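Asks:
Numbering (the UniProt record's numbering), first residue to last: 1 to 557.
Shown next, in the form of structure tokens:
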């Protein structure tokens with residue numbers, strides 16, 4: 001691209017003598033030979049001041065002409081000569097990223113809806129910006145999100161400042177594999193099973209807190225309550241100490257505010273990354289005045305840094321090898337090179353765990369509870385299954401046993417399908433491979449994306465896609481259909497969510513105990529309150545929604 005524009009500039013200069021002449025005049029002002037002729041020619045300013053107004057105007061005109069020619073050449077290249085020029089899509093999107101900026105920033109997270117509209121106009125593959133194509137075909141998902149044997153990089157522009165030096169923010173395939181290999185044991189299914197008592201303890205604390213709402217009669221905002229659960233789990237499991245949010249009044253709603261503010265900021269961060277840099281550099285007093293969530297986030301940053309510094313300063317103790325390690329100890333003791341164990345990098349991993357481990361699972365639990373309470377026959381059927389597995393409300397039951405309950409499993413799959421938390425497209429780049437989609441060949445190195453939200457709500461796969469119907473999975477199994485492969489809430493391939501087993505354990509244990517132990521009723525909550533209306537990586541509810549609120553009527557026997 002740079003070579004093409006350089007050639008264009010050279011041809012323009014050599015074909016227009018007056019441009020050559022004027023350029024030579026301007027350059028002569030700054031040439032070393034001029035400066036040796038005496039004081040009168042030692043600086044550019046006096047000479048420029050001696051030029052006529054007409055000459056100045058001509059120079060401005062020539063600069064404007066060159067700017068116009070550059071823009072025209074760039075537009076021509078993107079529309080007609082780019083390797084992506086052959087793909088269908090709106091011309092404006094092919095010309096500039098401002099198209100996406102408008103829907104993302106000006107219209108507040110609406111680009112995911114615009115992408116879906118573009119597919120309805122242009123077909124299953126669309127060029128959605130100057131550099132990227134988007135595919136809408138469920139059967140092609142495994143080709144893009146494939147295993148580690150085929151390279152898949154992330155898009156540096158799309159990731160932006162999000163994730164920093166964590167595995168989430170790592171661009172190259174090989175570098176990501178190196179970093180992830182050190183964390184895989186920490187989040188393996190075997191490790192989660194071993195430390196399941198931590199999750200159960202936090203679920204018990206949440207249930208204890210629910211008893212207080214029976215007496216007070218006050219409504220509970222479920223997303224806040226479940227976020228207290230998920231943050232307590234991840235903080236205890238991964239850090240030195242757990243936050244204890246399930247034991248605090250109102251479940252510390254400021255955490256929900258700061259995490260949602262972080263998601264909203266992600267929209268701006270992608271297009272204007274310097275804004276986040278400015279906010280993060282503010283002194284505490286200024287940050288508190290500008291934004292309470294920013295000030296709260298800076299406090300979290302300091303707390304995580306303190307934990308990292310403590311762990312790195314502590315020597316490895318071989319006698320404690322069989323004890324549970326924090327994520328920072330796991331990374332410290334891994335075979336990663338020293339540059340992968342800096343304070344800043346470990347902090348980035350910690351922040352990603354808080355963000356990813358808190359919001360997404362909490363939203364899924366809250367929405368699932370809404371659907372159960374809004375569909376009494378489904379709730380009744382689930383309770384019958386849970387009562388058989390848990391004869392007493394507080395009967396201990398393992399995550400693995402809960403996973404084997406057919407109706408609970410169908411309910412969980414249906415919730416993942418109907419309310420995909422991650423609504424943004426996930427970009428992958430095959431740096432050394434031409435990807436083939438039907439009759440199209442996608443050039444190597446092209447950012448290519450799909451959106452699981454579209455796949456989960458595909459009416460050809462799932463009739464009445466917005467209807468919460470767990471029995472569709474029972475019927476599909478009876479027909480021998482494997483529709484589960486089209487439900488991918490944690491994505492797939494080498495970059496699938498590393499915390500999927502932890503999230504699954506939280507979901508099964510959390511919903512089983514809440515539904516088995518308590519009677520709830522919805523409180524001033526409608527279907528509109530759980531409608532995803534904007535995308536900030538995770539989907540967001542409409543601004544006027546007061547959340548998913550319930551009243552705790554009593555304990556079950």
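Heads up, the beta-carbon is just placed ideally off N, CA and C, and yes, glycines get one too.
None of these values were measured; they are calculated from a predicted model.
Residue 387 lies in the alpha helix (DSSP H); which residues open and close that run?
Replies: 376 to 389
Asks: Could you tell me if residue 449 is buried or exposed, where buried requires 16 or more neighbouring beta carbons within 10 angstroms of its beta carbon?
Replies: buried
Asks: When the Cα atoms are used, what is the spatial distance from residue 392 to residue 140?
Replies: 46 Å
Asks: Would the region 361 to 381 and the region 508 to 521 be scored as touching if the rule is three or more Cβ pairs under 8 Å?
Replies: In this structure the region 361 to 381 touches the region 508 to 521; the number of beta carbon pairs closer than 8 Å is three or more.
Asks: So, helix, strand or coil for residue 531, using DSSP?
Replies: Coil, per DSSP.
Asks: Which class does residue 441 belong to by DSSP, given the choice of helix, strand or coil?
Replies: strand
Asks: Helix, strand or coil: how does DSSP classify residue 428 here?
Replies: strand
Asks: Assuming contact is defined by CB atoms lying nearer than 8 Å, are residue 370 and residue 418 in contact in what I supplied?
Replies: In this structure, residue 418 does not lie closer than 8 Å to residue 370 by Cβ.
Asks: Can you round the beta-carbon distance between residue 231 and residue 354 to whole angstroms, since I take them to be within the 8 Å contact cut?
Replies: Confirmed, about 7 Å.
Asks: Nearest-angstrom Cα distance between residue 293 and residue 269?
Replies: Between residue 293 and residue 269, the C-alpha separation is close to 16 Å.
Asks: Assuming the contact rule is C-beta atoms closer than 8 Å, residue 529 and residue 547 should be a hit. Round their C-beta distance to whole Å, please.
Replies: Yes, they are in contact, since the Cβ atoms of residue 529 and residue 547 sit about 7 Å apart, within 8 Å.
Asks: Who are the near neighbours of residue 212 in its chain, counting only those whose CB is closer than 7 Å to its CB and skipping five residues on each side?
Replies: none
Asks: Looking at the unbroken beta strand (DSSP E) that takes in residue 520, where does it start and where does it end?
Replies: Residues 518 to 522.
Asks: Where does the unbroken alpha helix (DSSP H) through residue 409 begin, and where does it stop?
Replies: Its alpha helix (DSSP H) spans residues 406 to 418.
Asks: For residue 142, count the other beta carbons within 10 Å of its own beta carbon; 16 or more makes it buried, fewer makes it exposed. Which is it?
Replies: exposed
Asks: Hey, out of 446, 187, 455, whose CA is closest to residue 131's CA?
Replies: 446
Asks: Which stretch, first to last residue, makes up the beta strand (DSSP E) that contains residue 327?
Replies: From DSSP, residue 327 is part of no beta strand (DSSP E) but of the alpha helix (DSSP H) over 327 to 332.
Asks: Is it the case that the Cβ atoms of residue 494 and residue 177 are separated by a distance below 8 Å?
Replies: yes
Asks: Buried or exposed: which applies to residue 223, given that a residue is buried once 16 or more other Cβ atoms fall within 10 Å of its Cβ?
Replies: By the 16-neighbour rule on beta-carbons within 10 angstroms, residue 223 is buried.
Asks: Going by beta carbon distance, what residues of the same chain come within less than 6 Å of residue 500, once the five residues before and after it are set aside?
Replies: 490
Asks: Rounding to the nearest angstrom, what Cα-Cα distance links residue 266 and residue 429 in this structure?
Replies: 21 Å
Asks: Report buried or exposed for residue 394, applying the criterion of at least 16 other Cβ atoms within 10 angstroms of its Cβ.
Replies: exposed
Asks: Which term fits residue 559, buried or exposed, when burial requires 16 or more other beta carbons within 10 angstroms of its beta carbon?
Replies: Any question about residue 559 goes unanswered here, given that the chain covers just 1 to 557.
Asks: Suppose the cutoff is 8 Å on Cβ atoms and the five residues either side in sequence are ignored; what does the same chain contact list for residue 188 look like?
Replies: Hits under 8 Å: 501.
Asks: Please give the ranges of any alpha helix (DSSP H) in the region 150 to 187, keeping only runs that are unbroken, at least 4 residues long and fully inside the region.
Replies: 156 to 159, 173 to 183
Asks: For the region 188 to 201 and the region 521 to 537, state whether three or more C-beta atom pairs, one from each stretch, are separated by less than 8 Å.
Replies: Verdict: no, contact absent.
Asks: Going by the DSSP bridge assignment, what does residue 569 pair with across the sheet?
Replies: Only positions 1 to 557 of the chain appear in the structure, and residue 569 is not among them; the question remains open.
Asks: Taking a contact to mean a Cβ-Cβ separation below 8 Å, would you say residue 345 touches residue 165 in this structure?
Replies: yes
Asks: Around the Cβ of residue 153, are there at least 16 other Cβ atoms within 10 angstroms (buried) or fewer (exposed)?
Replies: buried
Asks: Kindly list the residues whose CB is nearer than 8 Å to the CB of residue 360, restricted to its own chain and excluding five residues on each side of it in sequence; keep chain order.
Replies: 421, 422, 503, 538
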